[in-house]
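All the letters of the sequence shown, read from the start, carry residue numbers -17 to -1, 1 to 564 under mature numbering (1 follows the signal peptide of the UniProt record, and there is no 0).
Don't be surprised by glycine CBs; every beta carbon is placed ideally from N, CA and C.
Owing to the predicted nature of the structure, the values given are computational and were not obtained by experimental measurement.
Heads up: the structure comes next, in structure tokens.
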Amino acid sequence: MAFFSLWLLPILTLCLSHGVLHLEASHHVFEHLQTVSTGSTNQPYRTAYHFQPPKNWMNGQLGLFGFADPNGPLTYKGFYHLFYQYNPKGAVWGNIVWAHSVSTDLVNWTPLDHAIYPSQPSDINGCWSGSATFLPGGKPVILYTGIDPQNRQVQNLAKPKNVSDPLLREWVKLPQNPLMAPTESNKINSSSFRDPTTAWLGHDGLWRAIIGSKRDRRGLAILYRSKDFVNWVKAKHPLYSEKGTGMWECPDFFPASIKSSSGVDTSIDGPEVRHVLKVSLDDTKHDYYVIGTYSASKDKFIPDKGFEDTNSVLRYDYGKFYASKTFYDGPKNRRILWGWINESSSVSDDITKGWSGIQAIPRTIVLHKSGKQLVQWPIVEIEKLRTNQVNWPSKVLKGGSILHVSGVSAAQADVEVSFEVTKFEKAEVLDPSWTNPQLLCSRKEASVKGGLGPFGLLVFASVGLEEYTAVFFRIFKSKDKYVVLMCSDQSRSSLNKNNDRTTYGAFLDVDPVHEKLSLRSLIDHSIVESFGGEGKAGISARVYPTLAINDDTHLYAFNNGTSSVKITSLRAWSLKKAHIN
Ligand SMILES: *[C@@H]1O[C@H](CO)[C@@H](O)[C@H](O)[C@H]1NC(C)=O
Ligand SMILES: *[C@@H]1O[C@H](CO)[C@@H](O)[C@H](O)[C@H]1NC(C)=O
Ligand SMILES: *[C@@H]1O[C@H](CO)[C@@H](O)[C@H](O)[C@H]1NC(C)=O
Ligand SMILES: *[C@@H]1O[C@H](CO)[C@@H](O)[C@H](O)[C@H]1NC(C)=O
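Dropping the structure here:
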């Protein structure tokens, strides 16, 4: 679970670093903000198809699941449940409960009453993140972190009150809670012990779950085992740990099929899968994952390559995306990733608009056939919202040109474009010291002319180009290959300079000599979620234009390099509004 937006960060980090009592104090700091928020009626930044609550603060995470367990009765067939961390009292973090919405298609959502809120000593000071697991017979349970009267982080269990209710409206907590707690003997840090994962079942009949933690600067995935899901015993060794990485939030651990693009249940193990460990690093506020091997006999995870170099560790998304989690959607045989995307606006702007935080579009994730990385793609259901297709024939995009994509509602759109590059002479040489793609993108923003690139899309553009967000590629020449950089440049997104305008970037593992360069962007009023290389890299950015809003938003294809590139296809759609609460 993630606590706070940047603007609260300096104060709250301080609070946390001093431990328990100050956590309490952190709630007081913003108490005056909790009641101010009314929400303004002019809302150009509310999303039309990205999930967000009607008002107030939302953050990950998310215990959620697709129905139903393929082995169990299809009691809840047809419903997806989204639980999210929510402040019922304001647009800043605090008073956290589990809000609850249901959907039949992961696109349109209906809100229900809060599912989990403080009600017993083991969660009286907060109900933080957790995960859902299906027990045999298809019965869901939720493990979550509660904050107890001493402000310790402990793990609790909740069960549906009525398993016949497909909406699972009411949840009851076990009287035995907490089921896992820091003690004198287990040496767990009571302010660094949170976010239990979905549990997996071993061949020995024991359930396992991991909980995020740290000891000094070593990040830990503390492992617990249980026969009955009620009595949990801490394993001697963590599933995995790594020094120098700081606190691990919202760990996620799951198998990915080597041969097939279908998802697999969290308990599947064997030679046909590899395992993925994702952690949300509290220090950097990014989600990182590593691929490796799970040794069930030793209950250890051995990554091919660890988390040490945060410049080169893989991320689901190289923009804003935190506290993400996956679940296995049994009926549709896929694994789906959800992430939380916070605001880039100031706290006072958040309070004025009356809300903060949205969910990324759920993404299907699979292991790439190279085995080196995951690839992700927006769930196919989102395509139901497409309307008014625009289709370009292939055309050359000369250096220095900007072409208007007309015929789509550019504030609420889905665009897919493919580029082909045939002449590489002008590609700039990649300096070996340019190892950080985000820094490289901010050094070489869209306004910096290059040899090959920047070329891509200008989204949220005003008609006079006073405002635009550029999502683009650049191609560099390195020793024995061409290197593709993908950027999302927010430096000119808005005339309002109070927003965070960090430019994001990723290296894309695509060979531009033999492959086309594809880009897809989902545009939704204050977010552009982009996928390069058919889902090899994602970059999500939040922007708040002042001119390029609603019908005054435009979309362009552009090339600000000196070489021409060819657009082999461009398809764009206006997207209809989804029902999101
Ligand atoms: C326990 O966690 C808190 C919160 O991050 C930290 O301030 C403290 O130093 C940790 N204690 C130890 C012994 O690691
Ligand atoms: C449980 O849910 C089912 C289906 O909604 C309903 O018919 C039944 O009355 C509920 N039982 C109780 C005890 O509320
Ligand atoms: C939220 O946004 C801010 C500012 O844009 C960023 O710096 C911060 O790290 C984000 N927080 C999280 C938890 O993602
Ligand atoms: C293209 O480059 C020129 C020169 O650096 C710059 O003035 C212009 O703003 C750039 N265009 C875009 C769309 O960034």
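Which same chain residues, not among the five before or five after residue i, have their C-beta less than 6 Å away from its C-beta?
i      : result
Val137 : Ser105, Gly129, Asp131, Pro161, Ala164
Pro234 : Thr180, Ile193, Gly195, Ala204, Val262
Glu153 : Lys144
Asp333 : Ala74, Glu326, Ser339
Phe514 : Arg503, Gly521
Glu403 : Lys499, Lys549, Thr551
Gly300 : In the sequence as presented, Gly is not what sits at residue 300; that position holds Asp. For Asp300, where only same-chain residues beyond five positions count, the Cβ hits under 6 Å are Gly521, Ser523.
Lys427 : none
Val398 : Ser504, Ala555
Val373 : Gly390, Val391, Ala555
Leu553 : Trp375, Val400
In chain order, what residues of the same chain have a beta carbon less than 8 Å from the beta carbon of residue i, not counting five sequence neighbours either side?
i      : result
Glu364 : Asp88, Leu89, Val90
Leu65  : Phe34, Leu45, Leu47, His83, Ser84, Val85, Ser86, Trp92, Trp321, Gln342
Val511 : Val442, Phe443, Thr452, Val454, Ser471, Ser504, Leu505, Ser523, Ala524, Val526
Lys170 : Arg198
Lys355 : Ile274, Asp492
Phe456 : Phe402, Gly436, Pro437, Phe438, Gly439, Val467, Leu468, Met469, Cys470, Leu491, Leu500, Leu502, Gly515
Residue i to residue j, Cα distance in whole Å?
i           : j      : result
Pro528      : Tyr28  : 9 Å
Trp375      : Ala98  : 47 Å
Ser175      : Tyr271 : 19 Å
Tyr100      : Tyr67  : 12 Å
Gln395      : Lys72  : 29 Å
Asp535      : Ser445 : 7 Å
Lys499      : Tyr465 : 13 Å
Val259      : Ile348 : 11 Å
Lys549      : Asp492 : 20 Å
Pro286      : Pro238 : 13 Å
Ser147      : Leu140 : 19 Å
Lys283      : Val400 : 42 Å
Arg191      : Thr276 : 16 Å
Thr18       : Lys367 : At Thr18, the pLDDT of 38 sits below 50, so the modelled position is not reliable and the matter cannot be decided from this model.
Thr267      : Tyr487 : 14 Å
Asp463      : Trp360 : 30 Å
Ser353      : Glu449 : 42 Å
Leu95       : Trp323 : 20 Å
residue 651 : Glu255 : Absent from the structure is residue 651, since the part of the chain shown begins at -17 and ends at 564.
Phe236      : Asn172 : 22 Å
Excluding five sequence neighbours on each side, which residues of the same chain lie with their C-beta closer than 7 Å to the C-beta of residue i?
i       : result
Asn479  : Tyr527, Thr529
Thr(-5) : Residue confidence for Thr(-5) is low, a pLDDT of 25 falling below 50, so the modelled location carries little weight; the figure read from the coordinates is stated next. Around Thr(-5): no qualifying Cβ.
Leu350  : Ala239, Ser240, Ile241, Arg257, Leu357
Asp52   : Because Asp52 carries a pLDDT of 39, less than 50, the predicted location of this residue cannot be relied on, and the following value inherits that uncertainty. The residues are Phe117, Gly121, Gly313.
Taking the CB atoms as reference points, tell me whether residue i and residue j lie closer together than 8 Å.
i      : j      : result
Met230 : Lys197 : yes
Val216 : Ser209 : yes
Ser523 : Gly302 : yes
Ala279 : Asp252 : yes
Ser430 : Thr452 : no
Leu468 : Pro415 : no
Ser307 : Gly43  : yes
Ser245 : Arg317 : yes
Gly544 : Lys460 : no
Leu423 : Ala31  : no
Gly113 : Ile125 : yes
Asn39  : Tyr69  : yes
Ile319 : Arg298 : no
Val379 : Ser547 : yes
His537 : Ala393 : yes
Under the DSSP definition of a beta bridge, which residues are partnered with residue i?
i      : result
Asn139 : Tyr127
Cys470 : Phe455, Gly488
Tyr539 : His387, Leu441
His269 : Leu264
Asp178 : For Asp178, which the question treats as bridged, DSSP gives no partner whatsoever.
Phe304 : BP columns for Phe304 are empty, so no partner.
Ala397 : Here residue 397 turns out to be Asp, not Ala, going by the sequence shown. Leu505, Trp556, per the DSSP bridge assignment.
Pro420 : Answer is none; Pro420 lacks a bridge partner.
Arg200 : DSSP, once it has assigned bridges, lists no residue as partnering Arg200.
Asp312 : Arg317
Ile205 : Ile194
Ser353 : In the DSSP output, where bridge partners are listed per residue, Ser353 has none listed.
Thr293 : The partner list for Thr293 (beta bridge, DSSP) is empty, contrary to what the question assumes.
Thr370 : Ser557
**OP:** Can you check the stretch 476 to 531 for any alpha helix (DSSP H) of at least 4 residues that lies completely inside it and give the ranges in chain order?
**Re:** Correct list: empty.
Original post:
Could you give the uninterrupted runs of the beta strand (DSSP E) lying entirely in the stretch 46 to 128, keeping only those of 3 residues or more?
Top reply: Runs of the beta strand (DSSP E) inside the stretch 46 to 128: 63 to 70, 80 to 86, 93 to 99, 110 to 118.
**OP:** Starting from the N-terminal side, write out each stretch of the beta strand (DSSP E) that is 3 residues or longer and does not extend beyond the stretch 209 to 268.
**Re:** Correct list: 215 to 217, 223 to 225, 231 to 240, 256 to 264.
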